[in-house]
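Student: Below is one structure. I have some questions about it.
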Amino acid sequence: MEVLERFAAGDPEAFECLFRQHQGEVYRWIIRIVRNSATAEDLTVETFWRMHRARARFDARKGNFCGWMRRIATNTALDHLRRSRREVELPEEMPDTRKPISAEQNEMRQAIFHAIDRLSPTVRATVLLALVEEEPYENIAKALGISTTAVKLRVFRGVRVLRKELSKAGVRP
Amino acid sequence: MSEREMEELKKLLKESMPAVRGPELRRDLWPAMRQRLAEPAIRMPWWDWALLAAAAVVILLFPTMIPTLLYHL
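Note that the protein sequences, when read in sequence, are chains A and B. Quick note: the first sequence uses my numbering, first residue 1, plus one each step. Quick note: the second sequence uses my numbering, first residue 1001, plus one each step.
See the structure below:
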């Protein structure tokens, strides 16, 4: 029996094998949505916990394990954003965020964080993935379980809100 | 909204919030996962248990309050 079939049947060794093989991939996807490494680590474990609970519903014969995994990871990250609607955290790994910035730049950054915080979690994740991470719309659509047109619509709506909020704050994009 | 306006906003966003490029996991998460798997499926905080016990005591001592409790649920 293949590892996916064994996983679906509840084999703990198969689950460990899949965990070790895919933990990095899940982490790298989640950190792009939540932008904090400690949170991304916790949510990676949460994602695999959800996968473990839902293993019986996974159809190993269809074999789209990575797509299924990414959908669960995305939903886990979105649930986290819904629970904690706070300011967007900057990734600790980014070296240029540690550079000294001027008061004006800092003000603009705060205005942008505030504007992003006004977006709903799903729109925020879509906007960040599409515009900041430059993830192809098709990949975002698959991860969110929606059509590419719906992704474009969400980005458009998000951009409109951002522009409105930034205008209010006196920032002209 | 024009393509140029979209690009300007994109540039502004990327300046304030750089893309997260390929961060690697700093540690193996399997020990945390194993711990999570070993946890009981449902964990109720102690105050929930206390509330449940108090409700049970009230029901036992004053059964006539059952309709009132059901009304408030």
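For each residue, glycine too, the CB sits at the ideal point set by N, CA and C.
Could you check where the alpha helix (DSSP H) with Thr39 of chain A kicks off and where it finishes?
Tutor: 37 to 53
Student: Does Arg82 of chain A get closer than 8 angstroms to chain B when you measure Cβ to Cβ?
Tutor: With 8 angstroms as the cut-off, Arg82 of chain A does not count as an interface residue toward chain B.
Student: In chain order, what are the residue ranges of uninterrupted alpha helix (DSSP H) at least 4 long that sit wholly in the segment 1001 to 1026 of chain B?
Tutor: 1003 to 1016
Student: If you check the beta carbons only, do Val151 of chain A and Leu131 of chain A fall under 8 angstroms apart?
Tutor: no
Student: Among the residues of its own chain, which have a CB less than 6 angstroms from the CB of Leu1051 of chain B, if the five just before and after it don't count?
Tutor: Once the five neighbours on either side are set aside, Leu1051 of chain B has no close Cβ partner at all.
Student: Along chain B, which residues have their Cβ under 9 angstroms away from the Cβ of Glu41 of chain A?
Tutor: Leu1025, Arg1026, Arg1027, Leu1029, Ala1032
Student: Can you pull the chain B residues whose beta carbon is under 8 angstroms from the beta carbon of Gly24 of chain A, in chain order?
Tutor: Glu1024, Leu1025
Student: Kindly indicate which three-state DSSP category Phe65 of chain A falls into: helix, strand or coil?
Tutor: helix
Student: Under a CB-based cut-off of 8 angstroms, is Leu1073 of chain B close to chain A?
Tutor: Cβ-Cβ to chain A under 8 angstroms: no for Leu1073 of chain B.
Student: Nearest-angstrom Cα distance between Arg20 of chain A and Leu129 of chain A?
Tutor: 25 angstroms
Student: Arg124 of chain A: buried (16+ other C-beta within 10 angstroms of its C-beta) or exposed?
Tutor: Residue burial annotation: Arg124 of chain A is buried, with at least 16 other C-beta atoms found within 10 angstroms of its C-beta.
Student: In three-state DSSP terms, what is Leu166 of chain A?
Tutor: Correct three-state label for Leu166 of chain A: helix.
Student: Tell me the rounded alpha-carbon separation between Arg28 of chain A and Glu1024 of chain B.
Tutor: The alpha-carbon separation between Arg28 of chain A and Glu1024 of chain B amounts to approximately 7 angstroms.
Student: Using only alpha-carbon positions, find the residue among A:Glu133, A:Ile112, A:Gly24 that is nearest to Cys66 of chain A.
Tutor: A:Gly24
Student: Would you mind working out which of A:Ile31, A:Gly170, A:Thr39, A:Val3 sits nearest Glu104 of chain A, comparing C-alpha positions?
Tutor: A:Gly170
Student: Can the beta-carbon of Cys17 of chain A be found less than 8 angstroms from the beta-carbon of Val3 of chain A?
Tutor: yes
Student: For a quick check, are the C-beta atoms of Arg118 of chain A and Glu165 of chain A less than 8 angstroms apart?
Tutor: The answer is yes: Cβ separation under 8 angstroms.
Student: Please classify Ser1002 of chain B as buried or exposed, where buried requires at least 16 other C-beta atoms within 10 Å of its C-beta.
Tutor: exposed
Student: Thinking Ser1016 of chain B and Met108 of chain A are a contact (beta carbons under 8 angstroms), I'd like their distance in whole angstroms, please.
Tutor: 7 angstroms
Student: In the DSSP assignment, the alpha helix (DSSP H) including Glu138 of chain A goes from what residue to what residue?
Tutor: 137 to 144
Student: Run down chain A in chain order and give the residues with a C-beta less than 9 angstroms from the C-beta of Leu1013 of chain B.
Tutor: Ile112, Ile116, Val127, Leu128, Leu131, Val132, Leu162, Pro173
Student: Within 10 Å of its beta-carbon, does Thr126 of chain A have 16 or more other beta-carbons around it, so buried, or fewer, so exposed?
Tutor: buried
Student: Tell me the rounded alpha-carbon separation between Phe15 of chain A and Lys62 of chain A.
Tutor: Here the alpha carbon of Phe15 of chain A sits roughly 18 angstroms from the alpha carbon of Lys62 of chain A.
Student: What residue range is occupied by the uninterrupted alpha helix (DSSP H) comprising Asp1048 of chain B?
Tutor: 1046 to 1061
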